[in-house]
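Peer 1: I am attaching a structure below and will ask some questions about it afterwards.
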Amino acid sequence: MSSAAIKQDFESALIKHLSFKAKLRSFLYGNTNAEAPLRDPDQCGLGVWITNRRHGNYAAIVEMQDLDQQHRLIHQQANRLMDLYLAGKHEEALAGFKQVQELADHIVVALQTIENKLRTVGA
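For the sequence shown, position 48 matches number 872 in the working numbering, and the numbering has no gaps at all.
Structure follows, in structure tokens:
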């Protein structure tokens, strides 16, 4: 895979990740339409991306497991916040978004680490 193709692939993963955060924030502000991709790490765009890459092009990259774990953690936190919101605890749910942001930052770092490894080593 060329360096440009790797860059494009990881940009697409980052966009999927940012979309998840935006949808969760929207949910916490009252747009409760699409719960499934927010609740299930295997249904969201980044989750599909991770699964396809872990069993495909990036199967040999050890850091993919850490990325998957971080991704599942953010969904656990999202579920907790969504449950709080649906229970009428809107302020508490919104306050918890800070923890989501911290997890999200770890995911961005993991994506950057894997991308840099692939582009440097040419794995």
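The C-beta atom is built at its ideal place from N, Cα and C for all residues, glycine as well. As the structure is a prediction and not an experimental result, all values here were calculated from the model.
If you reduce the DSSP assignment to three classes, tell me which class Asp864 lands in.
Peer 2: Along the sequence shown, read from residue 1 onward, the residue named residue 864 stands at position 40. Looking at Asp864 - three-state DSSP - the assignment turns out to be coil, as it is neither helix nor strand.
Peer 1: By alpha-carbon positions, which one of Asn903, Glu915 and Pro865 ends up nearest to Leu891?
Peer 2: Here residue 891 refers to the residue found at position 67 when the sequence shown is read from its first residue. Taking only the C-alpha atoms, the option nearest Leu891 is Pro865.
Peer 1: If you reduce the DSSP assignment to three classes, tell me which class Ala828 lands in.
Peer 2: By one-based count along the sequence shown, residue 828 stands at place 4. Correct three-state label for Ala828: helix.
Peer 1: When you compare each of Gln889, Gln867, Glu916 and Ile874 to Leu852 by their alpha carbons, which one comes out closest?
Peer 2: The residue given as residue 852 occupies position 28 in the sequence shown. Nearest C-alpha to Leu852: Glu916.
Peer 1: Taking the CB atoms as reference points, tell me whether Ile898 and Ala928 lie closer together than 8 Å.
Peer 2: Reading the sequence shown from its first residue, position 74 is the one you call residue 898. Reading the sequence shown from its first residue, position 104 is the one you call residue 928. Yes, they are a contact pair.
Peer 1: Could you give the distance in angstroms between the alpha-carbon of Arg904 and the alpha-carbon of Lys922?
Peer 2: For the purposes of this step, residue 904 is taken as the residue at position 80 of the sequence shown. For the purposes of this step, residue 922 is taken as the residue at position 98 of the sequence shown. Roughly 13 Å separates the two Cα atoms.
Peer 1: Is the beta carbon of Ala934 less than 8 Å from the beta carbon of Glu887?
Peer 2: Counting from 1 along the sequence shown, the entry for residue 934 is found at position 110. Counting from 1 along the sequence shown, the entry for residue 887 is found at position 63. Yes; because the gap between Cβ atoms is below 8 Å, this pair is in contact.
Peer 1: Pick helix, strand or coil for Ala917, following the three-state DSSP scheme.
Peer 2: For the purposes of this step, residue 917 is taken as the residue at position 93 of the sequence shown. Of the three classes helix, strand and coil, the one that applies to Ala917 here is helix, per DSSP.
Peer 1: What did DSSP end up calling Ala858 once you bin it into helix, strand or coil?
Peer 2: Within the sequence shown, numbered from 1, the residue matching residue 858 stands at position 34. Of the three classes helix, strand and coil, the one that applies to Ala858 here is coil, per DSSP.
Peer 1: Just the C-alpha distance for Asp833 and Pro861, rounded to the nearest angstrom, thanks.
Peer 2: Position 9 of the sequence shown, counted from the first residue, corresponds to residue 833. Position 37 of the sequence shown, counted from the first residue, corresponds to residue 861. If I take the Cα positions, the gap works out to 21 Å.
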